Each structure stands twice: as structure tokens, then as C-alpha cells.
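Here the protein sequences come in this chain order: A and S.
Mapping to the numbering used here: the first sequence position 119 is 120, numbers consecutive.
Mapping to the numbering used here: the second sequence position 133 is 134, numbers consecutive.
All C-beta atoms in this analysis are idealised placements derived from N, C-alpha and C, irrespective of residue type, glycine included.
These numbers come from a predicted model, not from an experiment.
The block underneath contains the structure these notes are about, expressed in C-alpha cells.
Protein chains: 2
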Amino acid sequence: MILKSQVEWALHCCAILSGLPEGRYLSTKALAELHGLPKEYLSKALQSLSQAGLVHTTLGPSGGYRLAKAPNELTFLDVVEAVEGGGRTFVCQNIRANNPCRPKGFCESGPCAVARVMWEADEAWRSALRKVTFADLVQTLEAEVDPTIWSGTFEWVLKRAG
Amino acid sequence: MILKSQVEWALHCCAILSGLPEGRYLSTKALAELHGLPKEYLSKALQSLSQAGLVHTTLGPSGGYRLAKAPNELTFLDVVEAVEGGGRTFVCQNIRANNPCRPKGFCESGPCAVARVMWEADEAWRSALRKVTFADLVQTLEAEVDPTIWSGTFEWVLKRAG
DNA sequence: CTAATTACGGATACATGATATCCCTATTTG
DNA sequence: CAAATAGGGATATCATGTATCCGTAATTAG
Chain A
2 MILKSQVEWA
12 LHCCAILSGL
22 PEGRYLSTKA
32 LAELHGLPKE
42 YLSKALQSLS
52 QAGLVHTTLG
62 PSGGYRLAKA
72 PNELTFLDVV
82 EAVEGGGRTF
92 VCQNIRANNP
102 CRPKGFCESG
112 PCAVARVMWE
122 ADEAWRSALR
132 KVTFADLVQT
142 LEAEVDPTIW
152 SGTFEWVLKR
162 AG
Chain S
2 MILKSQVEWA
12 LHCCAILSGL
22 PEGRYLSTKA
32 LAELHGLPKE
42 YLSKALQSLS
52 QAGLVHTTLG
62 PSGGYRLAKA
72 PNELTFLDVV
82 EAVEGGGRTF
92 VCQNIRANNP
102 CRPKGFCESG
112 PCAVARVMWE
122 ADEAWRSALR
132 KVTFADLVQT
142 LEAEVDPTIW
152 SGTFEWVLKR
162 AG
């Protein structure tokens, strides 16, 4: 059970977009080049963000993406679910219903106890991701990324942002 | 990102084995029939449990599986990791290293901040699964499963347990 | 107005992993 | 000895993730 690599891509792209000045846009091409990713395929991940309403887009030259909310309003969970989907990691096939000891047509009162435990774990996972915003991430990065690379990257981005 | 169905199977099988009297064994055939599952394929899941040391096996007629530990020592996490593997759901490809603004041969000081957040969420998930034992599960089931079905199932199982 | 650039979506191909089945072997029980 | 069992290898099938290509509509720069 491994998350799509698109999740990683989307997270890093949102980190970059979080540092973008108000009203400016960064293209798929720039984001792909910055992260060394296939442009066409990265585009799919960004489209997922767009469909989820997490980013805003414009067309034409100087077009691209910007965040739709402030970085402190955007959580890791938002991005992960936009790309990966909001479904649960544990799918209950209700195999208890196959128990030959059951009377025919017996109907369960509620969800299976096994599934409930698994779903609680899922919720713990989601809860952890919901607690971290991109404002938090930027703060962390600013503190630990080499200052030269940090400012160099920003320069690189701004040169390409429409 | 969805867990294998084998995880669900293994969890339900361990639930049954948790109710098995000391020293008795239940075969793949019985477990498959009880849950309406393909015997040969379920066998693979049970083999994973065996390789992880969670269950003990014997061969021959009246052979099969029993838990290797007491139910209150066996956690959901044990079973999930035995079947699904203990790896992380988020794999860091370290795409930050592709940043063209980096000096050549630059070496990161530590793991990526994005990955650390994702790994913390993974740990929250694991932690939630580690907190629940099969003694807990049996207690829940005993309280909420229809008493007729509950005892009927036990009878069914004991009739087949070697 | 024209040409270039962009997001977006559809179609397709490929690789990988999950699902499932079959068969053979060694071991144990009756 | 005969039957039943776990275990493991080989194989087939299907779903999904990964990746590329192309066409369309919209927007901007010149």
C-alpha cells in the first residue's frame, strides 16, 4: 500500500506555490523543470488540485497555477486527498456475511468491528495530515534549507512566474 | 491506496483463532469455508502470518493454525504488517535534489520536510493499530454479535478444529 | 489580428502489483 | 499405507499507477 508518486509531486508543487507572491502564476513547465518531473504527467496531478479547488489557474502565456487559499488554510490532507482520493485504505468486504452459521437473510446491525478499528486508524492518519498546513511547511523549510539554495530557488521561480 | 483484501482475511482469521481453545488447530480449509474465501489464496495470507511468527502450524490431518501468542499480545498492527509489509505508505523520491539551483554534488543534511510530515502520519496510523489487540476485538464481538450466531460459529469451529 | 503559450481532457501504451488458480513436496495423523 | 495438511513455486488474469501523445479552447504578447 503505497501512495502515488503524484502525491509527493503535488506536495512539493504546493510548497513552491505557497511562496509565490499574490496574484502571480507558475506554469506546469516551470514546476516540472524545477522538480525534474515529466511535464505532461505532472499536469495530471495539478489538474487534480484544480478540480479539488485547491489552486486557481489561468490560460495563455504567463498562465499557470497559484494557490486558491492562503498557505495557512491549505493542509497536507487537502492535497493528499485531491490526488489520491478521499476513500478509506481499508475496504470492508463484509466477509462475516459468508458465515455458514448465519440464518438466511440475516441483516447486520452495523459496520463490522474489524472495519471500525481499521477506519479509526485511517482517521488518525488523516487527522495527522489535517494538522499540518503549508504555512507550517514553509516555516520549516525556511529554517532548514540552505539559504543560498532557498533564495536562489525563489529567484528562479519569480523569473518564470507570470 | 487500498490495503490488500488479504489483510481483511487475515484479521478475521485471527479473530477466529483467538477464540480457539489452547492447543487446538484450525485448517485453511475451515477458515476459507467459514469466510467464503478461495482456499488456495487465503493460504498465502496465512503463510505470511506464519512467516511473521504470529501463528503456529502443524501438518497432517487435524493440522492447521493456532495463534503463537495470547490474544492480548497480538495487535492489529502485527497482522496488518505481516500481510501488507512494514514499509511506509509514503516513499520519498527526494525530488528536491533535482532543483536546478543546487550546486552540483550538494548533499542533503537530512530527510525531506515533506516526507517527515507524511511519515508522522504513517506513524499515527500504525500507533492506532498497535493499540488494539485481538483480546479487545473478541470482547467487542462478544458484546455485539448475535448470541445465537456467536455460539453457533464456535460450535462449527470446534467441530473442525484438530 | 496573429502567433505563441498555456490548461485541460481524451486516448493509448506499458509496467507493476494484486488476485487467483494449479500443482508438487514434505510432513503428520489415523 | 492412505489421507489430509502447510508450504512453496509457476502461471494466468486483472486493476492500477505511470507515462506519453495529441487535439481543443482560452489567453497573452507582439
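| request: Flag this pair as yes or no: are the beta carbons of residue 152 (chain S) and residue 72 (chain S) separated by less than 8 Å? | output: Numbered from its first residue, the second sequence carries residue 152 (chain S) at position 151. Numbered from its first residue, the second sequence carries residue 72 (chain S) at position 71. It is not a contact, given that the beta carbons lie outside the stated cut-off.
| request: Could you list the residues in the segment 7–39 of chain A with a C-beta less than 9 Å from some C-beta on chain S, going in chain order? | output: 8, 9, 10, 12, 13, 16, 34, 35, 36, 37 and 38
| task | Note down, in chain order, every chain A residue with its Cβ under 8 Å from the Cβ of residue 99 (chain S). | result | By one-based count along the second sequence, residue 99 (chain S) stands at place 98. Per Cβ cutoff of 8 Å: 35, 36, 37 and 38.
| Going along the chain, which unbroken runs of the beta strand (DSSP E) with 3 or more residues stay wholly within the segment 5–66 of chain S? | 56–59
| request: Please list, in chain order, all residues of the same chain as residue 16 (chain S) whose beta carbon is under 6 Å from its beta carbon, the five residues on each side excluded. | output: Against the second sequence, residue 16 (chain S) aligns to sequence position 15. If the five residues before and after residue 16 (chain S) are omitted, its C-beta is found closer than 6 Å to the C-beta atoms of 138, all from its own chain and listed in chain order.
| If you draw a straight line from the C-alpha of residue 5 (chain A) to the C-alpha of residue 145 (chain S), how long is it? | Indexing the first sequence from 1 puts residue 5 (chain A) at position 4. Indexing the second sequence from 1 puts residue 145 (chain S) at position 144. Computed Cα separation, rounded: 38 Å.
| Where does residue 154 (chain S) land, buried or exposed, given buried means 16+ other C-beta within 10 angstroms? | What you label residue 154 (chain S) is simply residue 153 of the second sequence in a count that begins at 1. Looking at its Cβ environment, which holds 16 or more other Cβ atoms inside 10 Å, residue 154 (chain S) is buried.
| Start-to-end residues for the alpha helix (DSSP H) that takes in residue 91 (chain A) | Position 90 of the first sequence holds residue 91 (chain A). No alpha helix (DSSP H) contains residue 91 (chain A), which DSSP labels as neither H nor E.
| query | Does the pairing of the segment 96–111 of chain S with the segment 119–139 of chain S give three or more beta-carbon distances under 8 Å? | reply | no
| query | Under a three-way DSSP split, which group does residue 75 (chain A) fall into? | reply | Mapped onto the first sequence, residue 75 (chain A) falls at position 74. In this structure, DSSP gives residue 75 (chain A) a state outside helix and strand, which the three-state scheme calls coil.
| field | CA nearest to the CA of residue 98 (chain A), picked from S:129, S:38 and S:58 | value | The residue given as residue 98 (chain A) occupies position 97 in the first sequence. Check the Cα spacing between residue 98 (chain A) and each of S:129, S:38 and S:58: the tightest is with S:38.
| query | Comparing the C-beta of residue 94 (chain S) with each C-beta of chain A, is any distance below 8 Å? | reply | What you label residue 94 (chain S) is simply residue 93 of the second sequence in a count that begins at 1. Answer yes: the Cβ-Cβ gap between residue 94 (chain S) and chain A drops below 8 Å somewhere.
| query | Comparing the C-beta of residue 103 (chain S) with each C-beta of chain A, is any distance below 8 Å? | reply | Within the second sequence, the letter at position 102 stands for residue 103 (chain S). It does; some Cβ of chain A falls within 8 Å.
| field | Range of the contiguous alpha helix (DSSP H) that encloses residue 155 (chain S) | value | Along the second sequence, read from residue 1 onward, the residue named residue 155 (chain S) stands at position 154. 148–161 is the extent of the alpha helix (DSSP H) around residue 155 (chain S).
| request: Give a yes or no on whether the minimum CB-CB distance between residue 90 (chain S) and chain A is below 8 Å. | output: The residue labelled residue 90 (chain S) in the question sits at position 89 within the second sequence. Answer yes: the Cβ-Cβ gap between residue 90 (chain S) and chain A drops below 8 Å somewhere.
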